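Each number in this note's numbering comes from the position in the sequence shown (counting from 1) with 95 added on.
Encoded as structure tokens, the structure appears first; notes follow it.
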Amino acid sequence: MFVDSHCHLDRLKLEEHGGSLEDVLDAARARHVHQFLAIAVTLDDVPEISAIAQQHEDVVISAGVHPLHQVDPEPTVEDIKKCAERFGAVAIGETGLDYHYESVSRELQYERFTRHLIAARELELPVIIHTREAREDTLALIKQHTDPAVGGVLHCFTEDLDMARVAVGHGFMVSISGIVTFRNAEHVRELARAIPLDRLLIETDSPYLAPVPYRGTSNVPGNVVEVAECIAAERGITVDELAMQTTANFYRLFRAAAPEAPDNVREALASSGMLID
96 MFVDSHCHLD
106 RLKLEEHGGS
116 LEDVLDAARA
126 RHVHQFLAIA
136 VTLDDVPEIS
146 AIAQQHEDVV
156 ISAGVHPLHQ
166 VDPEPTVEDI
176 KKCAERFGAV
186 AIGETGLDYH
196 YESVSRELQY
206 ERFTRHLIAA
216 RELELPVIIH
226 TREAREDTLA
236 LIKQHTDPAV
246 GGVLHCFTED
256 LDMARVAVGH
266 GFMVSISGIV
276 TFRNAEHVRE
286 LARAIPLDRL
296 LIETDSPYLA
306 PVPYRGTSNV
316 PGNVVEVAEC
326 IAAERGITVD
336 ELAMQTTANF
346 YRLFRAAAPE
356 APDNVREALA
366 SSGMLID
């Protein structure tokens with residue numbers, strides 16, 4: 096069993112996949128992907144992904160504004176909280192800092208990220224963090240504004256191992272995407288080998304970053320299996336072990352999603368001693 100812990104279901108290129116979101120999700124389910132976390136990149140996206148979740152019991156959602164999206168007006172802490180509560184988000188994000196690009200100023204990103212972290216703390220929800228070339232500011236804000244008992248995840252992580260270790264020490268998990276399969280991504284494979292297994296998540300970030308052998312195509316949630324297979328091979332463990340542990344990690348972090356877990360997933364985790372209640 097697998098979980099796609101980060102996918103943009105409202106942005107999938109359905110015309111490349113039979114034109115139907117149902118077909119895309121069914122194809123993933125056929126590969127034993129039993130849970131999908133649909134990620135918002137603006138608060139305006141949340142009603143649409145909430146409608147998707149209402150139609151599919153195995154889809155849960157987040158609420159937040161991506162650091163590189165320009166929005167007007169900027170959401171307040173209360174705006175973020177009200178949106179998350181109204182639509183039943185299980186996490187805040189994706190949010191964070193991306194200093195590689197300048198489409199949104201660093202100062203504005205910093206202020207926006209801070210508001211999201213405060214909202215997440217007040218709602219006691221985990222936070223989904225996008226971070227790129229912003230190590231010191233990201234870690235400083237995590238330490239200042241997050242509760243290690245609630246934590247969050249550094250998604251699609253490609254930064255250094257020291258940063259991952261600091262975040263893990265503060266209650267965070269680290270998620271690896273299809274980048275791990277890329278020929279020139281040995282540093283990500285190093286991360287995949289080194290991150291504690293009980294702090295690891297897997298994701299597609301679909302429709303982006305399709306793994307080998309699908310690189311260059313529009314990504315889909317079912318391709319999280321290739322991510323799992325690559326990481327399992329790097330760690331020298333079975334795919335089943337990798338899948339079971341990352342699934343348990345998902346429900347431990349996103350506690351609001353646990354009651355929605357399919358019965359077969361709950362039973363399998365319980366029989367393995369990985370309770371998700």
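All C-beta atoms in this analysis are idealised placements derived from N, C-alpha and C, irrespective of residue type, glycine included.
As the structure is a prediction and not an experimental result, all values here were calculated from the model.
Between the stretch 351 to 361 and the stretch 244 to 255, the count of C-beta pairs closer than 8 Å stays below three; the two stretches do not touch. Within the stretch 215 to 272, the runs of beta strand (DSSP E) that reach at least 3 residues and sit entirely inside it are, in chain order, 222 to 227, 247 to 249, 267 to 271.
Here DSSP, grouped into helix, strand and coil, assigns Leu120 to helix. Burial is judged here by how many other beta carbons sit within 10 angstroms of a residue's own beta carbon; Thr333 has fewer than 16 and is exposed.
For Ala328, the three-state secondary structure derived from DSSP is helix. If you draw a straight line from the Cα of Ala323 to the Cα of Asp300, it comes to about 14 Å. In this structure Asn279 is exposed. Its beta-carbon is surrounded by fewer than 16 other beta-carbon atoms within 10 angstroms.
By the Cβ criterion, the stretch 307 to 316 is not in contact with the stretch 256 to 270, since fewer than three pairs of Cβ atoms, one from each stretch, lie closer than 8 Å.
Residue environment for Gln340: buried (at least 16 other C-beta atoms within 10 angstroms of its C-beta). By the neighbour-count definition (other C-beta atoms within 10 Å, threshold 16), Lys176 is a buried residue. The three-state secondary structure of Leu295, taken from DSSP, is strand. Closest option to Gly188, judged by alpha-carbon separation, among Val199, Arg181, Arg207, Glu202: Arg207.
Classified as buried, Tyr346 has 16 or more neighbouring CB atoms from the shown chains inside 10 Å of its CB. Approximately 15 Å separates the beta-carbon atoms of His112 and Val319; this is outside 8 Å, ruling out the contact. With respect to Ala186, Ile223 sits close: the two C-beta atoms are nearer than 7 Å.
Given a length threshold of 4 residues, each whole run of the alpha helix (DSSP H) inside the stretch 123 to 185 is given here in chain order: 141 to 150, 172 to 182. Separation of the CB atoms of Cys178 and Val136 is rounded to 13 Å, and the pair is thereby denied contact status at 8 Å. DSSP lists no bridge partner for Gly114. Inter-residue distance for Gly114 and Gln204 is about 35 Å (C-alpha atoms, whole angstroms).
The residue from Asp105, Leu109, Arg126 with its alpha-carbon nearest to that of Glu321 is Arg126.
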